[in-house]
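Numbering (the numbering used here), first residue to last: 15 to 316.
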């Protein structure tokens with residue numbers, strides 16, 4: 015059966031543990047100059063309906079390191095952008111490439127594509143979830159602090175796709191998640207209700223971060239929400255992550271942001287360069303975590 019990676023729940027806890035450890039191994043191998051080409055002759059089709067820096071570069075470089083190749087497909091270059099049904103595109107593309115990575119708006123797009131694809135489909139971001147980023151985040155925490163099991167993680171800001179993936183991660187990686195969002199910007203209620211024993215809401219951000227081992231945020235207005243920018247700036251006042259806010263967390267707490275960051279909005283200039291900030295390791299780990307994922311999906315190694 016073809017395995018897909020549309021959310022973190024598509025793989026088991028044990029498999030996620032393996033992916034994190036494998037990502038760390040692959041990073042070490044790369045840095046020591048070891049060549050590893052398990053995907054020689056394999057091609058990754060990359061469908062981008064949303065622009066990207068980290069996603070595109072990390073997946074392309076991952077395939078290059080593994081001896082494979084990748085094809086960048088934008089709506090301007092393909093029939094998808096001209097109304098070809100997703101099912102038809104999936105059937106055709108999956109007869110030619112070995113895996114498909116999709117970065118798009120509607121989560122139903124990746125679900126429909128996966129349903130009709132003969133090869134693995136990877137969700138590289140939708141409006142609902144961003145599971146690849148969570149692999150990188152979890153790898154980064156493990157590298158700096160060891161297991162995240164039983165730790166307290168605080169999400170500050172919008173209940174967006176990243177927040178939703180953190181909710182799934184709380185269950186899959188067995189940690190406590192506290193979400194601090196302004197009223198009416200909380201995450202999807204149905205998703206919250208799935209894991210009531212792991213996830214809670216605390217609107218008071220100074221209260222929420224007390225004793226946190228990891229504090230995470232993201233932009234207040236995501237792609238496609240630019241027209242709400244001013245409304246959101248007003249609503250999120252007081253939710254900026256600063257060194258002073260981090261001081262209320264555990265002394266060993268880390269700060270993460272999936273980038274790009276709007277310095278001076280959701281995160282202060284100082285916080286990005288604070289010793290507790292691991293955002294650059296987190297960004298780099300997109301490469302290593304996705305290499306582990308590609309190897310897992312395409313070779314069955316785990």
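Don't be surprised by glycine CBs; every beta carbon is placed ideally from N, CA and C. Note that the structure is predicted; figures quoted are calculated from it, not measured.
Residue 130 sits in coil when the DSSP states are folded into three classes, being neither helix nor strand. In the structure shown, residue 174 adopts coil according to DSSP, grouped into three states. Annotation: the continuous beta strand (DSSP E) that includes residue 213 extends over 213 to 215.
For residue 220, the CB contacts under 8 Å within the same chain, skipping 5 residues up- and downstream, are 259, 262 in chain order. In the DSSP annotation of this structure, the continuous segment of the alpha helix (DSSP H) that includes residue 44 starts and ends at 27 to 45. Residue 57 is bridged by DSSP to 83. By the C-beta density criterion, residue 25 is buried, having at least 16 other C-beta atoms within 10 angstroms. Residue 270 is bridged by DSSP to 230.
Shortest Cα-Cα distance from residue 250 to any of 198, 175, 88, 75 involves 198.
Three or more Cβ pairs closer than 8 Å define a contact, and the region 225 to 242 falls short of that threshold against the region 201 to 215. Take the alpha-carbon of residue 159 and the one of residue 165: they are about 10 Å apart.
Secondary-structure assignment with DSSP links residue 167 through a beta bridge to 191, 228. Contiguous beta strand (DSSP E) elements confined to the region 108 to 162 occur at 113 to 117, 135 to 137, taking only those with 3 or more residues. The C-alpha of residue 79 lies about 44 Å from the C-alpha of residue 245. Here DSSP, grouped into helix, strand and coil, assigns residue 70 to helix. Residue range 243 to 249 is occupied by the alpha helix (DSSP H) that includes residue 245. In chain order, 101, 104, 105 place their CB closer than 7 Å to the CB of residue 130, counting only its own chain and leaving out the 5 sequence neighbours on each side. Contact annotation: residue 89 and residue 63 have beta-carbon atoms nearer than 8 Å. It is roughly 26 Å from the alpha-carbon of residue 254 to the alpha-carbon of residue 210. Separation of residue 86 and residue 65 (C-alpha to C-alpha, rounded to the nearest whole angstrom) is 12 Å. With contacts defined by Cβ atoms closer than 8 Å, residue 292 and residue 273 do not form a contacting pair. Taking 8 Å as the upper bound for CB-CB distance, residue 119 and residue 91 are not in contact here, some 18 Å apart. By the CB criterion at 8 Å, residue 186 and residue 27 fall inside the cutoff.
Sixteen is the threshold: when 16 or more other Cβ atoms of the shown chains lie within 10 Å of the Cβ of residue 168, as they do, the residue is buried. Sixteen is the threshold: since fewer than 16 other Cβ atoms of the shown chains lie within 10 Å of the Cβ of residue 247, the residue is exposed. For the region 279 to 306, the continuous alpha helix (DSSP H) assignments of 4+ residues that do not extend past its boundaries occur at 283 to 286, in sequence order.
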